[in-house]
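Trainee: In terms of this note's numbering, the sequence shown is numbered consecutively and its last residue is 934.
No residue lacks a Cβ here, since even glycine has one placed at the ideal position from N, Cα and C.
These numbers come from a predicted model, not from an experiment.
Just dropping this structure here.
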Amino acid sequence: MYSGTDQTVTETPDSRMTTEPAQSITHNGAGADVDAVETTEWIEAVDAVVEHDGPGRARELLRRAIERAQHAGTGPIGTLNTPYVNTIPPEEEPDFPGDPELERRLRSIVRWNAMAIVIRANKVSSELGGHIATYQSVATLYEVGFNHFWRAPADDHAGDLVYFQGHSSPGIYARSFLEGRLSPEQLDGFRQEVSRPGGLSSYPHPWLMPHFWQFPTVSLGIGAITSIYQARFMKYLQARGIAETEGRKVWAQLGDGEMDEPEAVGAIAVAGREQLDNLIWVINCNLQRLDGPVRGNSRIIDELEADFRGAGWNVIKVVWGSRWDPLLAQDTDGRLVRVMGEAVDGDYQTYKSRDGAYVREHFFGRDPVLRKRVENMSDEEIWLLNRGGHDQQKVYSAYHAAVRHKGQPTVILAKTIKGYGMGRAGEGQMITHQAKKMTEEALLQFRDRFELPLSDEQVLAAEYYKPSEDSPEMRYLRECRERLGGWLPARRTRARKLEVPRLELFRNQLEGTGEREISTTMAFVRILAALLRDKQIGRRVVPVVPDESRTFGMEGLFRQVGIYSPVGQLYQPQDAAQLMFYKEDQQGQILEEGITEAGSISSFIAAGTSYSNHGEQMVPFYIYYSMFGYQRVGDLVWAAGDNRTRGFMLGGTAGRTTLNGEGLQHADGHNHVLFSVVPNCRAYDPCFNYELAVIIQSGLERMLVEQEDAFYYITLMNENYQHPPMPKGAEEGILRGMYRLRSSGTRGSGSSRSRGPSRSRSSSRSRKPRVQLLGSGTILREALAAADLLGEDFGVEADVWSVTSFGELRRDGIETERWNMLHPTSKQRPPYVTQCLADGGPVVASTDYVRGYADLIRAWVPATYRVLGADGFGRSDFRKALRGFFEIDRRYVAVAALKALADEGQLKPARVTEAIERYEIDPDAPMPTTV
Ligand SMILES: Cc1ncc(C[n+]2csc(CCOP(=O)(O)OP(=O)(O)O)c2C)c(N)n1
Ligand SMILES: [Mg+2]
Numbered sequence: 004m005y006s007g008t009d010q011t012v013t014e015t016p017d018s019r020m021t022t023e024p025a026q027s028i029t030h031n032g033a034g035a036d037v038d039a040v041e042t043t044e045w046i047e048a049v050d051a052v053v054e055h056d057g058p059g060r061a062r063e064l065l066r067r068a069i070e071r072a073q074h075a076g077t078g079p080i081g082t083l084n085t086p087y088v089n090t091i092p093p094e095e096e097p098d099f100p101g102d103p104e105l106e107r108r109l110r111s112i113v114r115w116n117a118m119a120i121v122i123r124a125n126k127v128s129s130e131l132g133g134h135i136a137t138y139q140s141v142a143t144l145y146e147v148g149f150n151h152f153w154r155a156p157a158d159d160h161a162g163d164l165v166y167f168q169g170h171s172s173p174g175i176y177a178r179s180f181l182e183g184r185l186s187p188e189q190l191d192g193f194r195q196e197v198s199r200p201g202g203l204s205s206y207p208h209p210w211l212m213p214h215f216w217q218f219p220t221v222s223l224g225i226g227a228i229t230s231i232y233q234a235r236f237m238k239y240l241q242a243r244g245i246a247e248t249e250g251r252k253v254w255a256q257l258g259d260g261e262m263d264e265p266e267a268v269g270a271i272a273v274a275g276r277e278q279l280d281n282l283i284w285v286i287n288c289n290l291q292r293l294d295g296p297v298r299g300n301s302r303i304i305d306e307l308e309a310d311f312r313g314a315g316w317n318v319i320k321v322v323w324g325s326r327w328d329p330l331l332a333q334d335t336d337g338r339l340v341r342v343m344g345e346a347v348d349g350d351y352q353t354y355k356s357r358d359g360a361y362v363r364e365h366f367f368g369r370d371p372v373l374r375k376r377v378e379n380m381s382d383e384e385i386w387l388l389n390r391g392g393h394d395q396q397k398v399y400s401a402y403h404a405a406v407r408h409k410g411q412p413t414v415i416l417a418k419t420i421k422g423y424g425m426g427r428a429g430e431g432q433m434i435t436h437q438a439k440k441m442t443e444e445a446l447l448q449f450r451d452r453f454e455l456p457l458s459d460e461q462v463l464a465a466e467y468y469k470p471s472e473d474s475p476e477m478r479y480l481r482e483c484r485e486r487l488g489g490w491l492p493a494r495r496t497r498a499r500k501l502e503v504p505r506l507e508l509f510r511n512q513l514e515g516t517g518e519r520e521i522s523t524t525m526a527f528v529r530i531l532a533a534l535l536r537d538k539q540i541g542r543r544v545v546p547v548v549p550d551e552s553r554t555f556g557m558e559g560l561f562r563q564v565g566i567y568s569p570v571g572q573l574y575q576p577q578d579a580a581q582l583m584f585y586k587e588d589q590q591g592q593i594l595e596e597g598i599t600e601a602g603s604i605s606s607f608i609a610a611g612t613s614y615s616n617h618g619e620q621m622v623p624f625y626i627y628y629s630m631f632g633y634q635r636v637g638d639l640v641w642a643a644g645d646n647r648t649r650g651f652m653l654g655g656t657a658g659r660t661t662l663n664g665e666g667l668q669h670a671d672g673h674n675h676v677l678f679s680v681v682p683n684c685r686a687y688d689p690c691f692n693y694e695l696a697v698i699i700q701s702g703l704e705r706m707l708v709e710q711e712d713a714f715y716y717i718t719l720m721n722e723n724y725q726h727p728p729m730p731k732g733a734e735e736g737i738l739r740g741m742y743r744l745r746s747s748g749t750r751g752s753g754s755s756r757s758r759g760p761s762r763s764r765s766s767s768r769s770r771k772p773r774v775q776l777l778g779s780g781t782i783l784r785e786a787l788a789a790a791d792l793l794g795e796d797f798g799v800e801a802d803v804w805s806v807t808s809f810g811e812l813r814r815d816g817i818e819t820e821r822w823n824m825l826h827p828t829s830k831q832r833p834p835y836v837t838q839c840l841a842d843g844g845p846v847v848a849s850t851d852y853v854r855g856y857a858d859l860i861r862a863w864v865p866a867t868y869r870v871l872g873a874d875g876f877g878r879s880d881f882r883k884a885l886r887g888f889f890e891i892d893r894r895y896v897a898v899a900a901l902k903a904l905a906d907e908g909q910l911k912p913a914r915v916t917e918a919i920e921r922y923e924i925d926p927d928a929p930m931p932t933t934v
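So this is what it looks like as structure tokens:
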């Protein structure tokens, strides 16, 4: 709208929409206009409408005109960017309700202490690290929130949820220190989580500070996406009548550099589409990230404005502070706004690393008329022209508008300075992100700039400062928080216990399927259906699916419990006449996420931490293609762990050969290994439906009754076969990770011999060579078949063990070994694996996963141990062919067992060759990993 000619615009900053993105204002500047007179006429016409009929009417007219023009062939005319000024004009700002001076003083004190925490930690040793510059840029954005907006849980309000920028943690600790929640000793324990009891975690971490931090945010992007799904989940809880979440807000304080993460921006359309007006993002646009400018050559605020507006958000820009107001009010010709929109972020960063004279020369000096306009201002006054994110009035106005906005999420784009107040030690400097020290001179300047009542000695010692409890500052601080319900952040650790169903609920799974062949995926769907019908916890079950319900045979649930949609179903579903039609419903129970594993696991986290954030336990069952699990969203899996999430993740159609037709990018052979390293995740690979039922029932008990902060990863398969009834006494072994399914000398899988650790050999036992075969998931069935081959073809006896979890066995092995090491003179304890396999001969394991999975227990197998596994890239073929190719089928199990016996001298090697020939194995086939 700024034509670039001298005589044109009478634009004021409050008539906002431009018809071109701001970038093009830059490039189509003066000289590009072919008919300036005509342009002027048009613009004057707009001005006249604004003046006589108001901005609303002008907007409508222009909208219609643009529609018309586009219809006539102009092509798209962008309307996503507004001029590079504040969205809220000064005349529409509400009065600041607080005491501005007291707040400024309080903020200065928090600033000082936040800096002192890092400086003191690094005086001890630079090993500890920490960040100063980020909090200094975000201080006003936080303090306005703490003093006026962010509610803590109280009788009349269940509290807002605030996701903080992870590496701004010193500022939060500094405030908690003033509030009396943290002692100076604790501040000195910053980043010393091991050596100092009560030491403060480097970043927000519910695992390490369970009564303080609610959300682990420092892995950039994680706070962003999880906050969106948190807000959505709160609407879900409200719609389903489980928790009152109306009026509660989710605030996410994020970085502008962070917005480069796909997780940060990848789900913003979800928030727009679902009209999450309980969600407010504040993006701290300090224009810098770690290495340098976020967008040196353009403006990050413009880019984000367009992205968010396009995604359906309410966008509030807080670019300039109040000191600019008079200059902008004078800017009737739009020259200042034009120059504002021409300077790029690289320039803006440099301005703030220099001084007033530099800004006069290089900013105002871009236009001789502007330079003249600021002639009467001193360099000092020019230097003090502030940015919006450092102006409490502007920030307050934005927050005030955001909490009142209905029907859309709000993003506040607040322009700040990275390292604000650090002067030459960091302000606006390229290196500021990592500055952990300040020179003595910089510290003294900081003291002077923020008017802190500290002596030079106190400053140089970086002493913490806290005014007396009855000082006006401290009284004010307490009053503000009292009004808002109490301290923040604060995390609840428990919720009301729930009664969970007993194992009998899954009677069908325990009794076996007889002749019927089903998959564990089908078994799971039946378990889920039974749970959904359960009176106690049915309502609390949250099925989460990323567009795979039909793959897993779950479409029956669409109709049964409905798919959650905030607007219900606005259309007649194509399959309406069918029994199991696609039913969207405001009270729907399924979270059908579409194709987003990152979004789905964010929902899983929201539901699985509901016990803490909403005082209501929910039970998420997140079911997805196992291949698109850990390896795709590993960082979010860690966040689930850090966040003490409770629930079940189900890796559907798992295994490298069981999901056979899909091939390369579907066939998962390694996610079990990845999950085995998550400290609070129990990962299982069951073969039979009773195993699945036992694991799920125990998980419910442990998570919902005992309130253990653990979650489960369970793999499900799509291969159909018969399931035997549960052998007596198998439960304990199923949960610990292995049990004996078949004893040597018996056939079939239902032997009633002892399931667990070693028994004394029965005297009737023959002297035939013996082996022990381990199998997990569907490949357990190959181990069973191999036992038959070995007996029939080679007279070898075999015990067959169902290994439900190599990971749990490993955990037990590690713990036991550690105990033994530290108690060398006590009676040594054998790990569970060692007990189980104590006296049965060589051991062979085969699984549908890489060898690394079964290898997890190698250290504690008290015999020759041979591992088969599906290493290599997945591929598509018949299961039989694939299992042969990857060398994990019954024939290979048998050959591996014979070879182990031969190596022990119990058989002649020629017998192994005989087996290789008999089973038509090509001994010179290439390694499956190489083809
Ligand atoms: C996923 C991830 N990658 C990298 C980092 C390391 N890191 C921490 S802060 C930071 C820069 C953040 O910049 P910005 O988001 O703009 O925040 P600011 O400090 O400028 O407010 C980086 C790269 C991280 N924490 N997480
Ligand atoms: Mg930044």
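Would you say the beta carbon of Val-414 comes nearer than 7 Å to a heavy atom of ligand 1?
Mentor: Taking the sequence shown and counting its residues from 1, the one referred to as residue 414 is at position 411. Checking the Cβ of Val-414 against ligand 1 gives no.
Trainee: Going by DSSP, what residue range makes up the alpha helix (DSSP H) through Ile-303?
Mentor: As a first step, residue 303 is located in the sequence shown; it is residue number 300 there, counting from the start. Here the alpha helix (DSSP H) through Ile-303 covers 303 to 313.
Trainee: Helix, strand or coil for Ala-51? Go by DSSP, reduced to three states.
Mentor: As a first step, residue 51 must be located in the sequence shown, where it is residue number 48. Helix.
Trainee: Is the closest heavy atom of ligand 2 to the C-beta of Val-697 under 7 Å?
Mentor: Start at 1 with the first residue of the sequence shown, and residue 697 comes out as number 694. No, the beta carbon of Val-697 sits no closer than 7 Å to any heavy atom of ligand 2.
Trainee: Could you tell me whether any non-hydrogen atom of ligand 1 is closer than 7 Å to the CB of Gln-168?
Mentor: Taking the sequence shown and counting its residues from 1, one reaches residue 168 at position 165. Checking every heavy atom of ligand 1 against the Cβ of Gln-168, one is found closer than 7 Å.
Trainee: On the DSSP letters alone, give me the boundaries of the alpha helix (DSSP H) that Trp-641 sits inside.
Mentor: Here residue 641 refers to the residue found at position 638 of the sequence shown. That run of the alpha helix (DSSP H) goes 633 to 645.
Trainee: Less than 8 Å separating the beta-carbons of Asp-671 and Thr-807?
Mentor: Residue numbering aside, residue 671 sits at position 668 when the sequence shown is read from its first letter. Residue numbering aside, residue 807 sits at position 804 when the sequence shown is read from its first letter. It is not a contact, given that the beta carbons lie outside the stated cut-off.
Trainee: Within the same chain, show all residues whose beta-carbon is closer than 8 Å to that of Asp-815, passing over the 5 residues directly before and after it, in chain order.
Mentor: Against the sequence shown, residue 815 aligns to sequence position 812. Taken in chain order, the residues that qualify are Arg-739, Gly-740, Pro-834, Tyr-835, Val-836.
Trainee: Under 8 Å, with one C-beta from each stretch per pair, do the segment 344 to 354 and the segment 319 to 330 reach the 3-pair mark?
Mentor: No, because fewer than three Cβ pairs between the segment 344 to 354 and the segment 319 to 330 fall closer than 8 Å, the two stretches do not touch.
Trainee: Below 8 Å CB to CB, which residues in the same chain sit around Glu-249 once its five sequence neighbours on both sides are set aside?
Mentor: As a working mapping, residue 249 is identified with position 246 in the sequence shown. If we look at Glu-249 and ignore the five residues flanking it on each side, its Cβ neighbours are Gln-241.
Trainee: By the 10 Å Cβ neighbour count, where 16 or more other Cβ atoms means buried, how is Tyr-574 classified, buried or exposed?
Mentor: Translated into the one-based positions of the sequence shown, residue 574 becomes position 571. It is exposed - the Cβ of Tyr-574 has fewer than 16 other Cβ atoms within 10 Å.
Trainee: Check Asn-389 in the structure and name its three-state DSSP category.
Mentor: Here residue 389 is taken as the residue at index 386 of the sequence shown, counted from 1. Coil, per DSSP.
Trainee: Would the C-beta of Asn-289 count as close to ligand 1, meaning under 7 Å from any of its heavy atoms?
Mentor: As a position in the sequence shown, residue 289 is number 286, starting the count at 1. Answer for Asn-289: yes, Cβ within range of ligand 1.
Trainee: Could you tell me whether the Cβ atoms of Ala-962 and Ala-465 are closer together than 8 Å?
Mentor: Because the chain here runs from 4 to 934, residue 962 falls outside it and cannot be looked at.
Trainee: Can you name the start and end residues of the beta strand (DSSP E) that Lys-320 belongs to?
Mentor: The count along the sequence shown starts at 1 and reaches residue 320 at position 317. Looking at the DSSP string, the run of the beta strand (DSSP E) that includes Lys-320 is 317 to 321.
Trainee: Give the range of the beta strand (DSSP E) segment to which Glu-800 is assigned.
Mentor: Taking the first residue of the sequence shown as position 1, residue 800 is located at position 797. Per DSSP, Glu-800 belongs to the beta strand (DSSP E) from 800 to 806.
Trainee: Decide if Glu-890 is buried, meaning its Cβ has at least 16 other Cβ atoms within 10 Å, or exposed.
Mentor: Working through the sequence shown from its first residue, we reach residue 890 at position 887. By the 10 Å Cβ count, Glu-890 comes out buried.
Trainee: Measure the Cβ-Cβ separation of Trp-216 and Ala-255 and say whether it is below 8 Å.
Mentor: The residue you call residue 216 lines up with position 213 of the sequence shown. The residue you call residue 255 lines up with position 252 of the sequence shown. The answer is no: Cβ separation not under 8 Å.
Trainee: I think Ala-428 touches Ala-445, with their Cβ atoms under 8 Å apart; what is that distance to the nearest whole Å?
Mentor: Taking the sequence shown and counting its residues from 1, the one referred to as residue 428 is at position 425. Taking the sequence shown and counting its residues from 1, the one referred to as residue 445 is at position 442. About 4 Å; that satisfies the 8 Å criterion.
Trainee: So Met-652 is in the beta strand (DSSP E); what residue range does that whole segment cover?
Mentor: Taking the sequence shown and counting its residues from 1, one reaches residue 652 at position 649. Start and end: 650 to 655.
Trainee: Tell me, which residues are paired with Met-741 by DSSP?
Mentor: As a first step, residue 741 is located in the sequence shown; it is residue number 738 there, counting from the start. Met-741 pairs with Val-806.
Trainee: Is Ile-942 helix, strand or coil when you go by DSSP?
Mentor: It is not possible to answer for residue 942, since the shown part of the chain is limited to 4 through 934.
Trainee: Near Arg-178, what residues of its chain come up, given a Cβ to Cβ distance below 6 Å and the 5 sequence neighbours on each side ignored?
Mentor: For this step, residue 178 is matched to residue 175 along the sequence shown. Correct list, in chain order: Val-113.
Trainee: At the level of alpha carbons, what is the spacing between Arg-770 and Leu-776?
Mentor: Taking the first residue of the sequence shown as 1, we reach residue 770 at position 767. Taking the first residue of the sequence shown as 1, we reach residue 776 at position 773. If I take the Cα positions, the gap works out to 18 Å.
Trainee: On the CB-based measure, 16 or more other CB atoms within 10 Å of its CB, does Glu-277 come out buried or exposed?
Mentor: Residue numbering aside, residue 277 sits at position 274 when the sequence shown is read from its first letter. It is buried - the Cβ of Glu-277 has at least 16 other Cβ atoms within 10 Å.
Trainee: Could you please give me the residues that DSSP links to Ala-255 through a beta bridge?
Mentor: The residue you call residue 255 lines up with position 252 of the sequence shown. DSSP, once it has assigned bridges, lists Tyr-166, Trp-284 as partnering Ala-255.
Trainee: Using a threshold of 7 Å, is the CB atom of Asp-259 nearer than that to any non-hydrogen atom of ligand 2?
Mentor: Along the sequence shown, one-based indexing puts residue 259 at 256. Yes, ligand 2 has a heavy atom inside 7 Å of this Cβ.
Trainee: Ala-713: which of Asn-723, Asn-683, Glu-735 sits nearest, CA to CA?
Mentor: Taking the first residue of the sequence shown as 1, we reach residue 713 at position 710. Comparing Cα positions, the closest option is Asn-683.
Trainee: Helix, strand or coil: which one does DSSP assign to Ile-175?
Mentor: Residue 175 sits at position 172 when you count from the first residue of the sequence shown. DSSP places Ile-175 in helix when its eight states are reduced to three.
Trainee: Using 10 angstroms around the beta-carbon of Ile-434, count the other beta-carbons present and answer buried if the total reaches 16, otherwise exposed.
Mentor: Taking the sequence shown and counting its residues from 1, one reaches residue 434 at position 431. Ile-434 comes out exposed.
Trainee: For Asp-588, which residues in the same chain have their Cβ closer than 8 Å to its Cβ, ignoring the five residues on either side in sequence?
Mentor: Looking up residue 588 in the sequence shown gives position 585. Cβ neighbours of Asp-588 beyond the five flanking positions: Gly-565, Ile-566, Tyr-567, Ser-568, Gly-571, Gln-572.
Trainee: Can you tell which of His-170, Ile-782, Glu-188, His-214 has the C-alpha that lies nearest to the C-alpha of Ser-205?
Mentor: Here residue 205 is taken as the residue at index 202 of the sequence shown, counted from 1. Ranking the options by Cα distance to Ser-205, first place goes to His-170.
Trainee: Mind checking which residues open and close the beta strand (DSSP E) that includes Ser-849?
Mentor: In the sequence shown, counting from the first residue as 1, residue 849 sits at position 846. First-last of the beta strand (DSSP E) with Ser-849: 846 to 849.
Trainee: Please say whether Tyr-467 and His-116 have beta carbons closer to each other than 8 Å?
Mentor: Against the sequence shown, residue 116 aligns to sequence position 113. Against the sequence shown, residue 467 aligns to sequence position 464. According to the sequence shown, residue 116 is Asn rather than His. Closer than 8 Å, so yes.
Trainee: Where do the N-terminal and C-terminal ends of the alpha helix (DSSP H) with Leu-957 fall, by residue?
Mentor: Look at the range of the chain in this structure, 4 to 934, and you will see that residue 957 is not part of it.
Trainee: With DSSP run on the structure shown, which of helix, strand or coil describes Phe-624?
Mentor: The count along the sequence shown starts at 1 and reaches residue 624 at position 621. Reduced to three states, the DSSP call for Phe-624 is strand.
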